[in-house]
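Single-structure report; data block below.
In this note's numbering, the protein residues as written are 130 to 267.
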């Protein structure tokens, strides 16, 4: 289950209370080798994957509708597959949802840990199966 960064929380709260306008950005999934914390707010502070072929993955069309329930949740509605590793390797321990496509840029909106997974040229491309990512507001 995902956790919002302090940046994401601030933008959401300011928007829903009418204190600040916030335009929903195009979102990108980043793979990380060190799990972020709520104070990890800048994309430049993420320990992102460095294997050859890695790039953040656009997720705009990859989400289902939020549920009208308690708690309200949203899941990825399609499999989210990154480019294959062509050289090098990384141990992935988490992911972050960012508002920029460039590695090391933008803001972290939310993050979560995942099962530690080694990415190398002998593995299939990193993939989050349908409904594997859950974001909850309670």
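Glycine included, C-beta positions come from ideal geometry on N, C-alpha and C.
Just mark residue i as buried or exposed, buried being the case when its beta carbon has 16 or more other beta carbons within 10 Å.
i	result
residue 221	buried
residue 248	buried
residue 263	exposed
residue 142	exposed
residue 179	exposed
residue 215	exposed
residue 177	buried
residue 136	buried
In angstroms with no decimal places, state the Cα-to-Cα distance between residue i and residue j.
i	j	result
residue 211	residue 157	11 Å
residue 229	residue 154	8 Å
residue 243	residue 223	5 Å
residue 209	residue 231	18 Å
residue 190	residue 260	14 Å
residue 193	residue 166	25 Å
Along the chain, where does the alpha helix (DSSP H) that runs through residue i open and close?
i	result
residue 135	135–145
DSSP state of residue i, grouped into three classes?
i	result
residue 217	coil
residue 230	coil
residue 131	strand
residue 223	strand
Just reading off the beta strand (DSSP E) that residue i is part of, what are its end residues?
i	result
residue 204	201–204
residue 265	263–266
residue 238	237–248
residue 157	157–161
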